[in-house]
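Student: The numbering of the sequence shown is the working numbering, which starts it at 128 and goes up by one.
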Amino acid sequence: MKHIFIVNPVSGKGDGQKAARRIEAEIARRQLDAELHLTRYAGHARELAARLSADPDQVVYAAGGDGTIWEVLNGLPEGGRLAILPCGTGNDYYRMIDPRNLSFEERLRQTLDGRWVTVDFGQCDRGRFHNCTTMGLDARVNALAVQLYQKYPLPRFSVYGIAALICALKPQIFEIELTTEHQTLRQKALLAAVMNGKSYGNGFYSAPQADLQDGLFDVCLIEPVSLLQILTLMPKYKKGLHTQLRQCRMIRASHVHIRLDRPTEMQSDGENFTADQLTLTLMHRQLTLRVPEASILK
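Structure (structure tokens):
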């Protein structure tokens, strides 16, 4: 088997650089038929993946955070096979593959010795996404969290919480029209999250019942609330305890069309953009993923 490693050396404030050295050592130790590529600029991982062919005897490893995974997924040719080596800030998606607290070296070794599964991914106007596409408050939080993490020596576990508190002081409400294969609804919203995975933002469990292999998005809509209610809601949202609250609506669908009353901040797997409408389709088990033998995926 041919192993193609695409590593973001600046992910995780240096974790990516350490990962590259450990991958290089493991390639030498096992004498693998392998290539190791370090990304040099935004979009480079996507370019590197796009140069590859969809060889069934080849696996492409995305080593970095959600942004690196997003780039590789969007560059990967149709039918290409993917593996993930997490070394980013949150690594939310990877926890749905293997929640164990392993060292990078052990994850690398167990993935190399692992097995194949097929998983869902999302397709929208911005391209493919593996974990989520969200809009409103949480997209603003994501943009600010990235800025804070890059500029200040803040610990990973706190940066999203700090960003959430700052953005909660100035919530921006939007009106959403959401159409699925089953229904159309209209309401004002504080945030909307279309989830393939369970969580984002380093452990905000927007969709605690989500499943990477069930063929459905879990859509979370939160209606406008007061600042005090936001501060009360936020800890519940982080722990996934919000789904039964009257301010929350959960929907499951494989196809979602969203129209907003104005251009609104959005993010897809951590990549921020602004739009007033979006169409999202769930690609059921269309991605072949290499995972550790002990992965919770089937």
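Here a beta-carbon is modelled for each residue, glycine too, at the ideal position from N, C-alpha and C.
1) With a 10 Å radius around its C-beta and 16 neighbouring C-beta atoms as the bar for buried, classify A169 as buried or exposed.
2) Look up Y188 in the DSSP assignment and give the residues it is bridged to.
3) Return helix, strand or coil for A320, following the three-state DSSP convention.
4) Answer with buried or exposed for R208, where buried requires no fewer than 16 other C-beta atoms within 10 angstroms of its C-beta.
5) So which of D252, I150, H411 and D225 has the shortest CA-CA distance to A380?
6) Let me check understanding here. Comparing Cα to Cα, which of A402, R234, I211 and L416 lies closest to T261?
7) From the DSSP output, which residues share a beta bridge with A380?
8) Since I believe G191 is in contact with V134 (beta carbons under 8 Å), could you give me their beta-carbon distance rounded to a whole number of angstroms?
9) Could you check the C-alpha separation between M361 and E392 for me, to the nearest Å?
10) For the beta strand (DSSP E) that contains Q250, what are its first and last residues?
11) Could you spell out the range, first to last residue, of the beta strand (DSSP E) harbouring V273?
12) Hey, would you say F248 sits closer than 8 Å to L203, going by beta carbons?
13) So which of R417, P298 and L424 has the shortest CA-CA distance to Q237?
14) Could you say if the stretch 320-336 and the stretch 253-272 meet the contact criterion of at least three C-beta pairs nearer than 8 Å?
15) Are the stretch 228-242 and the stretch 285-294 in contact at 8 Å, needing three or more beta carbon pairs?
Tutor: Taking the structure as given:
1) For this step, residue 169 is matched to residue 42 along the sequence shown. Label assigned to A169: exposed.
2) By one-based count along the sequence shown, residue 188 stands at place 61. The partner list for Y188 (beta bridge, DSSP) reads F132 and A210.
3) In the sequence shown, residue 320 corresponds to position 193, counting from 1. It is a strand residue.
4) Taking the first residue of the sequence shown as position 1, residue 208 is located at position 81. By the neighbour-count rule (16 or more Cβ atoms within 10 Å), R208 is buried.
5) What you label residue 380 is simply residue 253 of the sequence shown in a count that begins at 1. Nearest of D252, I150, H411 and D225 to A380, Cα basis: H411.
6) For the purposes of this step, residue 261 is taken as residue 134 along the sequence shown, with counting starting at 1. The shortest C-alpha separation from T261 is found at A402.
7) As a working note, residue 380 is residue 253 in the sequence shown. DSSP lists F344 as partners of A380.
8) As a working mapping, residue 134 is identified with position 7 in the sequence shown. As a working mapping, residue 191 is identified with position 64 in the sequence shown. Yes, they are in contact, since the Cβ atoms of V134 and G191 sit about 7 Å apart, within 8 Å.
9) Translated into the one-based positions of the sequence shown, residue 361 becomes position 234. Translated into the one-based positions of the sequence shown, residue 392 becomes position 265. Going from the Cα of M361 to the Cα of E392 covers about 19 Å.
10) Taking the first residue of the sequence shown as 1, we reach residue 250 at position 123. Per DSSP, Q250 belongs to the beta strand (DSSP E) from R242 to C251.
11) As a first step, residue 273 must be located in the sequence shown, where it is residue number 146. First-last for V273: L264 to K278, but that is the alpha helix (DSSP H), not the beta strand (DSSP E).
12) Position 121 of the sequence shown holds residue 248. Position 76 of the sequence shown holds residue 203. When the beta-carbon positions are compared, F248 and L203 stay at least 8 Å from each other.
13) By one-based count along the sequence shown, residue 237 stands at place 110. With distances taken between Cα atoms, Q237 lies closest to R417.
14) yes
15) no
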